[in-house]
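A.B. asks: Please see the structure below; I have some questions.
Protein chains: 2
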Amino acid sequence: MRAVVLAGAGGPEVLTIREIDAPRPASRQILVRVRASALNRADILQRLGRYPAPAGWPSSVPGLEYAGEVAALGPGVARWKVGDRVMGLVGGGAQAEALVVHEDEALPVPARLDLADAAAVPEACLTAFDALTTRGRLTRGERVLLHAVGSGVGTAAVQIARALGATVLGTSRSPGKLEQARALGLEVGIATRESSFRDRVGAPVHLIVDPIGAPVFADNLAVLAPLGRLVLLGFLGGSRGELDLEPVLRKRLEVIGTVMRTRSREERAALVEAARSGLVPLLESGAVRPVIDRYLPMTEIADAHRAMERDETFGKIVVVW
Amino acid sequence: MRAVVLAGAGGPEVLTIREIDAPRPASRQILVRVRASALNRADILQRLGRYPAPAGWPSSVPGLEYAGEVAALGPGVARWKVGDRVMGLVGGGAQAEALVVHEDEALPVPARLDLADAAAVPEACLTAFDALTTRGRLTRGERVLLHAVGSGVGTAAVQIARALGATVLGTSRSPGKLEQARALGLEVGIATRESSFRDRVGAPVHLIVDPIGAPVFADNLAVLAPLGRLVLLGFLGGSRGELDLEPVLRKRLEVIGTVMRTRSREERAALVEAARSGLVPLLESGAVRPVIDRYLPMTEIADAHRAMERDETFGKIVVVW
Chain A
0 MRAVVLAGAG GPEVLTIREI DAPRPASRQI LVRVRASALN RADILQRLGR
50 YPAPAGWPSS VPGLEYAGEV AALGPGVARW KVGDRVMGLV GGGAQAEALV
100 VHEDEALPVP ARLDLADAAA VPEACLTAFD ALTTRGRLTR GERVLLHAVG
150 SGVGTAAVQI ARALGATVLG TSRSPGKLEQ ARALGLEVGI ATRESSFRDR
200 VGAPVHLIVD PIGAPVFADN LAVLAPLGRL VLLGFLGGSR GELDLEPVLR
250 KRLEVIGTVM RTRSREERAA LVEAARSGLV PLLESGAVRP VIDRYLPMTE
300 IADAHRAMER DETFGKIVVV W
Chain B
0 MRAVVLAGAG GPEVLTIREI DAPRPASRQI LVRVRASALN RADILQRLGR
50 YPAPAGWPSS VPGLEYAGEV AALGPGVARW KVGDRVMGLV GGGAQAEALV
100 VHEDEALPVP ARLDLADAAA VPEACLTAFD ALTTRGRLTR GERVLLHAVG
150 SGVGTAAVQI ARALGATVLG TSRSPGKLEQ ARALGLEVGI ATRESSFRDR
200 VGAPVHLIVD PIGAPVFADN LAVLAPLGRL VLLGFLGGSR GELDLEPVLR
250 KRLEVIGTVM RTRSREERAA LVEAARSGLV PLLESGAVRP VIDRYLPMTE
300 IADAHRAMER DETFGKIVVV W
């Protein structure tokens, strides 16, 4: 089978398409014939040699999410049959024509989505769903602030938060992305290229989902309401800066880190289980839809990386076999 | 009635004993004849003019906790009768011969405790109980690290964490306090006058309860296990320092601020309700006992402050009418 294989660490030119052996499903695993995958910032870090795959996952084949059909069953599989349409998150290896996953870690693809669209769902929607609900404990009527709202996670989080009854505020450096996010349910869009969001949030917010990190940490704490939660998803702006814990205590805030890739199989299965009841119905009803910037053939994976690095996309880049 | 009254802001000499009008219980309030109160660091900050009482509480009469007997009932009180022994937390005013509190905010004094001992229970035990359980989500078998383990909250937390099935580690600048804490259930005592606790914790810990703040923040994050929680109780060492959020994300940590005094009446009542079932039985069985350094007459309140400022105490200073 073909796969994207990293020929060393470096620029997009290290991404090659090669023939490798197809994996075989072990006990309770399914073999998935992958039709599409989508890009994540972690793919760029991995390509640069800064974010190796966790133990137990392919180290030289990138790809953190997939959609496809079940092609074969390992012993003891109860949940799926050959031909079922599935999607999911993996620790690596999704940018290949086939991969094996534990049956509990796959989600059904809703009938209204084709597989190219479904490939854009897992990382963005599961990360947003987990950040908003399990980690962030969002409740109806709360105000939630989403940084980098034009990203894959951001566009998923707008829709999920809105569907859960929240008022959604979001930031982006690009006024154009804010305009697009309004169509998804964003109520207050704040362009941050010229000034901080701090004075433009208005009433305090109850939950923040932040992939930026240290540069916005103090302002995040400043705009949170008492008992507010800041869920950290990444450090696009770096992790180091000045610390002042005073508002954490005074307002009894919570700062909550979350990352998907290093989770154990049990944790992934628990998240997928929560998503079966909490997220899949939102996808089935169309309340939440994957937001896709463009589709590219898998053979143009290098161009896909270049587009993501230019930060010009709104939503996900899907790569299709 | 007599009360401790702040004659301005400053040293212990601003603490005076004066006659003031006794309060009267309104709807669902009880009038408590106070027999004893206990000192808290917040009393010192308030005396210095740096920590004013929250709105709705006496501004010039200090005292955050009390034990006494119910002396009169306001309209609609269902939970108590005159003569019942009660204890509790207040936003201020406990260092007076009487105070009024909402009936839902008082706890029964266990039979094995006299009122002078019971006065040392509320702030230390409720803070420790809340930090460990509601905020920190301690579960049986976890390792918990308590900073300033010789403090009132520290000595309560050792016993509660131990009773809940945790392995308890603690730090103190004083080897003598660590020795005393061992008798309460402390398993690993770490003296921090000369070096950091970071290399002496051993296996990672799941929960930290910290009243120190910024100076130990990075080391706290370093010793936490994946999904560990850091509950911040205070800033004895200050709130400002260097920030590196990297471990928060990588290990999916939670940093949780908590403070008792600014809570709303509803929140106080909810905590007291949780304590009725989770904490009072531990006090009744003797699994958790208030740790009292000394008893002083209320008329020696200035000396009580001086003793606390010298940081020479192990457990609480109780002041008695």
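So the protein sequences, as listed, match chains A and B. End of the first sequence = 320 in numbering that gives the first Met the number 0, gap-free, step of one. End of the second sequence = 320 in numbering that gives the first Met the number 0, gap-free, step of one. We treat Cβ as the ideally placed atom computed from N, Cα and C, and that holds for glycine. Quantities reported herein were computed from a predicted structural model and do not represent experimental measurements.
(1) Quick one: Cα of B/V247 to Cα of A/M259, how far?
(2) What residues match up with B/S171 in a beta bridge as DSSP calls it?
(3) Check A/I300 in the structure and name its three-state DSSP category.
(4) With A/T154 as the anchor, note down where its beta strand (DSSP E) starts and where it stops.
(5) If you scan the region 53-83 of chain A from start to end, which runs of the alpha helix (DSSP H) of 4 or more residues do you find wholly inside it?
(6) Let me confirm a value: B/R49 is counted as buried when at least 16 other C-beta atoms fall within 10 Å, else exposed. Which label applies?
(7) Tell me where the beta strand (DSSP E) around B/Q28 begins and ends.
(8) Less than 8 Å separating the beta-carbons of A/G91 and A/A123?
(9) Which one of B/R267, B/A119, B/A190 and B/P109 has the shortest CA to CA distance from B/G62?
(10) Kindly list the residues whose CB is nearer than 7 Å to the CB of B/E186, restricted to its own chain and excluding five residues on each side of it in sequence; keep chain order.
(11) So, are the CB atoms of B/E102 and B/Q28 less than 8 Å apart?
(12) Report back the beta-carbon spacing between B/V322 and B/E104 to the nearest angstrom; my notes put them in contact at under 8 Å.
(13) Using a beta-carbon distance below 8 Å, is B/E311 in contact with chain A?
(14) When the Cα atoms are used, what is the spatial distance from B/V200 to B/I189?
(15) Going along the chain, which residues of the region 121-136 of chain B sit with their C-beta nearer than 7 Å to a C-beta in chain A?
(16) Using the beta-carbon count (16 or more within 10 Å), is B/E193 buried or exposed?
(17) Residues of chain A with CB under 8 Å from B/T257, in chain order?
(18) Going along the chain, which residues of its own chain have a beta-carbon closer than 6 Å to the beta-carbon of B/V317, five neighbours each way excluded?
(19) Taking all protein chains shown into account, decide if B/V81 is buried (16 or more other Cβ within 10 angstroms of its Cβ) or exposed.
(20) Could you give the DSSP three-state label for B/E141: helix, strand or coil?
(21) So for B/E102, helix, strand or coil by DSSP?
(22) Is the CB of A/V254 under 8 Å away from at least one CB in chain B?
(23) Could you tell me which residues DSSP pairs with A/V3 in its beta bridges?
(24) If B/G256 sits next to A/K250, beta carbons under 8 Å apart, how far is it from one beta carbon to the other, in whole angstroms?
(25) Between A/D243 and chain B, is there a C-beta pair that is closer than 8 Å?
(26) If we cut at 8 Å on Cβ distances, does A/S195 have a partner in chain D?
C.D. replies: Once the coordinates are examined:
(1) 13 Å
(2) B/A190
(3) helix
(4) Where A/T154 is concerned, there is no enclosing beta strand (DSSP E), although the alpha helix (DSSP H) it sits in stretches over G151 to A162.
(5) none
(6) exposed
(7) Q28 to A37
(8) no
(9) B/A119
(10) T166, V167 and L168
(11) yes
(12) This structure cannot settle anything about residue 322 of chain B, because the visible part of chain B is limited to 0 through 320.
(13) no
(14) 8 Å
(15) none
(16) exposed
(17) L248 and R251
(18) A35, A37, A115, A118, A119, I291 and Y294
(19) exposed
(20) coil
(21) helix
(22) yes
(23) A/I16
(24) 7 Å
(25) yes
(26) The structure shown contains no chain D; its protein chains are A and B.
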